[in-house]
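Enquirer:
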Amino acid sequence: MDNDSGGSGFWHHNTAPWENNEPSSPVSDSSSGKWFPKTVQSVELLIETEKSSTDEDVTPMQTNNNDESPDLPILPADCIMTSKIDSPPACREKIRSDQIVPKSPDIEHIQTRMFNQQTANEGRAEKNRNNRSLAYAKARAELKKKPPKKCRTRNGKTNKPKKAHLKKYDKVDIVLDVKRITTLIRFVSEQNQSSSECELRRTCPLCTTSILESAIREHFVNCHGAKFSLEPLLTADIRNHVISREVLQVKLKQDPHRNGSYFLLTVTNIAAVTILLKSIYVFDGIGTLSPIFSAEGVLRMKPGFFYEDELQLQVSDECVQSLLVTVNPIDELRATYDVVEQYHIKKVCTKCTRIAGTPLKLANLPHYRIPTSIRTLHENNYKLQNAAYGPAEYDVLRRLNEAKNPSSLNRDNYAKQLNMLNRIEVEHLRCEYNSYSIERPKLQRIKKVKKRKDGPHDVQILYVLSMNQFENRPMLISEDQIVEVDVMNDDKLTQYTGTVECVEPSGILFLLDDTLPIENVIRIRFSPNNSTFQLEQQALDRLAECQKEKILFPTRGDSAQRDTMDEITSFQWINIGISTNEEQMVAVRNIVNRTSFPAPYVLFGPPGTGKSSTLVEVIGQIYKLHPEANMLVVAPSNFAANEITSRILNVVPEKHVFRYFSRSSIRTVNDIDENILQISNMADKKYDLPYYQDIYLARIVVTTLATAGRLVQANIRAKHFRYVIVDECGSAKEISSLVPIGGLATCGDEIHASIVLAGDPKQLGPVIQHNYLKQTNHNVSLLERIMKLDLYEMNRTTKEYNNRYITQLRDNFRSHSMLLNFPNKTFYAGQLRAKASPELTNWALGWHRLPNPKCPLIFHSIFGNMQQHENSTSLFNVVEGELVLCYLTDILHHGINGRQVRQCDIGLISPYASQILHLRTLCIARGWEDIEIGSAEQYQGREKAIIIMSTVRSRSKHLGFLTNAKRLNVTITRARALMIIIGDGYTLQNDANWKALVNYCRQQKAFVYGKSLLSSATPNLAHVKDDLIVLTDKSDETPANTVASKITPKAEINPKPNREIPGKDKKQWQARRISTRVRT
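Count the sequence shown with numbering that gives the first Met the number 0 and you get residues 0 to 1079, in order.
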């Protein structure tokens, strides 16, 4: 790394990196509006007892120890500066006036004022910027002074000469990838400062170890390593520990006005408290630690504020540099600990470097025939008796009834039962899609502009087919569906093929490669994609060749086959947070050492327990310790596959990772991370069939379950993969999970690859379209079934699993303990432990909307009317939508406890597509486009600081798929700091799990009901006074209807019930009115 000399926060190389003889002090650049530290005389901190100057509304960042905080040192006014906030222009003026105007010295605050000292020694970076501007202005002035030369052409006309272009710097575009590696809490311990008289000692600025001055470089290389590991910090003090959430947001962007090696560094405070920026260092990987900002206590940053500086970096394609930022959180007093956050900086290749080779040659898939008996049964709706039935039909009915028993699947009937269930699903889809065919459809041609992350927007020609033309509601049609259009032109039939681009309540939009003469269309058809079922059949055929029972029905005797790989006992952890979690360490050791082989190893990861981090650590350790082992990593969806790919790139060089996309992924190519595209078969943003060299040269191949079958179809090298890792296995059908196993983990009759099944059987399982099949084993994942085998069951006496075959992760790093208690006891037998950082989960406590200030949970019971759109079976509830808007308005306009909440911190969940569309429409109309709205399926594996759920169902005895316990589990485990549930508490108690949740909310005094938030003054909640009723009993009944729908629905699903309000003589319940405070 090359440092600039002079100002702008750069140090000379000849200055020792640990020396702070000339610490930086801020100087405001009024012309650019940026902050650059400037070299000044050293400033000694005056230690006195006084309170800090943070905002009173900021939630404190709490520590994990019981030590009392020391008195806050008073920082001199001329060594403190404030950073600018990344906020909308409307609120910038208020922020500036609040920061620039000096406060009274009598106030017990750290004085926040701008350092206004001007010096003659301007930094070289600033001089260069001014000189370039001056040179540019002089050049333009010279051009204006010189009279333009006239040039005559042959026809006598005079042409004006072209303007001379100014010479610009040769600029090389460089894109840097900045990724957070770890965040940890560091307590400053006392160091023995005794030293010999002839040699001085220095302190490592990161691990605070006292070292001889001559051994500093050796300490960096030997103790911290090439990537500057922070593991020595964990051993330096027993109180030091890793936290899972980031405190800062760091960005590096190439300076558009400078040469390619100059970058703009932006450090933003995204924590909930004010922090003091203490230092920023860059480690070049070869022993030099260079300070970028190292004047302790000079920069005070409120939540949302950012620090910006300019630095020069020389980053090679192979080198990974480390950026280390140290901050000190402050509330009423300065914390007794620092937060150290580490980032890795590496160069991103902007050009595809794929090696040309031989494309995969895909063999023909096996013919997929549907037996006549299944078609006959489907035509008769699987009735038990019919004159058209024969022995074959009755045999299928017998096996179907057997498949409803979860334990009926065994070694003898395994292939027959899965084949039968899969063919029933295919026949159902075929008949459903045939019913969607339309004769003489009316189409409309429209233009749609598709936004891209970079570059020009794409203009697409789409065709719209309105919903009112369908006889049956097309429930199964989704994006990427195949569309076939028949056109009759001059007695000639022409067929066009396209794909569905979008499904809306009003119609279906599809895309064609050619221009379609819409007036001559005679028929339109939608076809299911049967290739997935063919790949599943291929996997079953391959498994039939080997001893599949050792994989699918393992016993202790089967595991007697030991692996030939040497057992590894010593690990150097890539993610140092793993070293503090016993379950994660056990899982990594056993998977790397293949202790369960040939049986699958199960990684049971409940919500927020770090399953993905554990898998990435496993992959990184296998990459380091077994250089000859290749890995196949698969997931049910492209989203999950992309997520784990981005994490793998943090620990494995990109040249050893290949992401295999299917052809359908080209539709969303502009939404995929550029880093992932560059290591995939869509590097040029167009689909190419992978080369065999792509597979063979990569140590790690990542793809989806179905696409993994293409590798078998391409007949890749036998025994190529040593590990097959199936992520989110609990959300896939069992037969789908077999696709990457049959033929890739097996070869003939041999099992050669170690199989890892990761997921949570307590969360959402497979998506089955046929209601009849939901009652059978077809609705059970491989992970869920295999965990019921004796080998994987929990010991009822010890409450422990056999960690040679299965590990359950138990430390939850996501949610507040009060939010975790109910799902922990209901779904996980109380095995989970709340380990989330208080600064991430406690900041909503005490909010004026909480019925119980110590519990960040609200169950707001309200009565509404379920409604339906025309030609739709989905439901929506206008009253619940209005209540959601009330909470959103209050949170976004007034914040929570003085903390400004961003739209991206909030997630809205509803089980019904119409309610999701209704909420999205309401939010977009108010400019809230960054609030993510979706179903539980879309939020599985994700999290938000605040989750608001709308249950929709009201005044009904039937709850539909709200009764799915797995869907409830996913929904209530997404929130970190605040969970708000809006629904009809009386109706929801018709389900046992929802009844238990309602009772839990009442026990915690978190249950409210009423229309208190609904008002004509909803947009301005400052004028709304709330009267909430908090129920303090455990009764099943609630008062009668308190809110009626303001909008008369076209179709009301449920009439208004005639219920009497339970009186005190009929029901013993107490209600107390609370007048909640509203922030004005």
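Ideal Cβ positions, reconstructed from N, Cα and C, are used throughout, including at glycine.
Cutting at 7 Å between CB atoms, please list the residues of its own chain near GLY729, excluding the five before and the five after it.
Expert: Correct list, in chain order: GLY758, ASP759, PRO760, GLN762, GLY764, SER780, LEU782 and GLU783.
Enquirer: Name the DSSP beta bridge partners of ALA634, please?
Expert: DSSP output for ALA634 lists THR703 as bridge partner(s).
Enquirer: Under the DSSP definition of a beta bridge, which residues are partnered with VAL281?
Expert: Partner(s): SER289 and LEU322.
Enquirer: Taking the continuous beta strand (DSSP E) assigned at PHE240, which residues delimit it?
Expert: Just to set this straight, residue 240 is His in the shown sequence, not Phe. Note, HIS240: beta strand (DSSP E), 240-242.
Enquirer: Using 8 Å as the cut-off, can you tell me whether the segment 391-401 makes contact with the segment 369-383, which would need three or more C-beta pairs spanning the two stretches below that distance?
Expert: Yes, since at least three Cβ pairs between the segment 391-401 and the segment 369-383 fall closer than 8 Å, the two stretches touch.
Enquirer: Flag this pair as yes or no: are the beta carbons of LEU602 and ALA628 separated by less than 9 Å?
Expert: Not closer than 9 Å, so no.
Enquirer: Which two residues bound the contiguous beta strand (DSSP E) that contains TYR1008?
Expert: Looking at the DSSP string, the run of the beta strand (DSSP E) that includes TYR1008 is 1006-1008.
Enquirer: Whose CA, out of ASP889, ALA355, LEU631 and PRO597, lies closest to the CA of VAL738?
Expert: The candidate whose alpha carbon is nearest that of VAL738 is LEU631.
Enquirer: Out of TRP842, LEU696, GLU642 and GLN248, point me to the one whose CA is closest to ASP670's CA.
Expert: Among TRP842, LEU696, GLU642 and GLN248, the Cα nearest to that of ASP670 is on GLU642.
Enquirer: Grouping DSSP H, G and I as helix and E and B as strand, with all else coil, what is GLN807?
Expert: Here GLN807 sits in strand by DSSP.
Enquirer: Out of curiosity, what's the CA-to-CA distance linking VAL425 and SER407?
Expert: So the two alpha carbons sit approximately 22 Å from each other.
Enquirer: For GLU931, report the span of its beta strand (DSSP E) as first-last.
Expert: Taken as a continuous stretch (DSSP letters only), the beta strand (DSSP E) holding GLU931 covers 931-933.
Enquirer: Where does SER41 fall in DSSP's three states?
Expert: In this predicted model, SER41 has a pLDDT of only 28, less than 50, meaning its place in the structure is not dependable enough to derive any value.
Enquirer: If we ignore side chains and look at the alpha-carbon of each, how far apart do ILE740 and ILE754 end up?
Expert: The straight-line gap from Cα to Cα measures roughly 8 Å.
Enquirer: Report the residue from GLU518, GLN533, ILE621 and GLU581 whose alpha carbon sits nearest the alpha carbon of GLU566.
Expert: Here the closest residue by C-alpha is ILE621.
Enquirer: To test your reading of the DSSP string, which unbroken beta strand (DSSP E) runs of 3 or more residues are found completely within the segment 648-715?
Expert: Fully enclosed beta strand (DSSP E) runs of 3 or longer: 656-658 and 699-703.
Enquirer: So the beta strand (DSSP E) MET487 belongs to, where does it begin and stop?
Expert: From DSSP, the beta strand (DSSP E) with MET487 extends over 481-488.
Enquirer: If you count every other CB in all the chains shown that lies within 10 Å of the CB of THR950, and 16 or more means buried, which is it?
Expert: It is buried - the Cβ of THR950 has at least 16 other Cβ atoms within 10 Å.
Enquirer: Could you tell me which of LEU704, ILE675 and TYR659 sits nearest to TYR690, measuring between CA atoms?
Expert: Ranking LEU704, ILE675 and TYR659 by Cα distance to TYR690 puts TYR659 first.
Enquirer: Can you give the Cα-Cα distance for GLN416 and ASN992, rounded to whole angstroms?
Expert: For GLN416 and ASN992, the distance between alpha carbons rounds to 32 Å.
Enquirer: Would you say HIS868 reaches chain B, if we count a Cβ-Cβ gap shorter than 9 Å as a contact?
Expert: The chain labelled as chain B is not found in the depicted structure, where only one protein chain is given.
Enquirer: Taking the C-alpha atoms as reference points, what is the distance between SER873 and MET474?
Expert: Cα to Cα, SER873 sits roughly 10 Å from MET474.
Enquirer: Which value, in whole angstroms, describes the spacing of the CA atoms of ASP900 and ILE979?
Expert: Here residue 900 is Val; the residue named in the question, Asp, does not match the sequence. Each residue's Cα considered, the two are about 15 Å apart.
Enquirer: Report back the beta-carbon spacing between LYS1004 and PRO850 to the nearest angstrom; my notes put them in contact at under 8 Å.
Expert: Between PRO850 and LYS1004 the Cβ distance is about 6 Å, and since that is below 8 Å, they are a contact.
Enquirer: Taking just the CA atoms, how far does LEU887 sit from CYS922?
Expert: The straight-line gap from Cα to Cα measures roughly 9 Å.
Enquirer: Return yes when the Cβ of SER860 is within less than 9 Å of the Cβ of TYR686, no when it is not.
Expert: Contact: no.
Enquirer: Who are the near neighbours of LEU233 in its chain, counting only those whose CB is closer than 8 Å to its CB and skipping five residues on each side?
Expert: Answer for LEU233: LEU183, ASN239, HIS240, VAL241, ILE575, SER578 and THR579, listed in chain order.
Enquirer: Which runs of the beta strand (DSSP E) fall wholly inside the segment 853-912 and span at least 3 residues, in chain order?
Expert: Runs found: 856-860 and 905-908.
Enquirer: Tell whether a beta-carbon distance below 9 Å holds between LEU907 and MET865.
Expert: Result no, Cβ atoms of LEU907 and MET865 do not sit closer than 9 Å.
Enquirer: For ILE344, which of ASN268, LEU696, ARG179 and THR554 has the nearest alpha-carbon?
Expert: Answer by Cα proximity: ARG179.
Enquirer: Compute the Euclidean distance between the alpha carbons of HIS164 and PRO255, then round it to the nearest angstrom.
Expert: Its pLDDT being 44, under 50, HIS164 is placed unreliably by the model, and nothing is read from it.
Enquirer: In chain order, what residues of the same chain lie with their CB nearer than 6 Å to the CB of ILE279, ignoring the 5 residues before and after it?
Expert: Cβ within range, chain order: ILE291, PHE292 and VAL324.
Enquirer: Checking 9 Å against the spacing of the C-beta atoms, do ALA976 and ALA843 come in under that value?
Expert: Contact flag set, yes.
Enquirer: Among ASP726, SER664 and ALA387, which residue has its Cα nearest to the Cα of SER612?
Expert: Selected option, being the one with the closest Cα: ASP726.
Enquirer: I need the straight-line Cα distance from GLY609 to ASN404, nearest angstrom please.
Expert: If you take the alpha carbons of GLY609 and ASN404, they lie about 33 Å apart.
Enquirer: Output needed for THR970: all residues of its chain with C-beta closer than 7 Å, excluding positions within five of it in sequence on either side, in chain order.
Expert: Only ILE908, ALA935 and MET948 meet the Cβ criterion.
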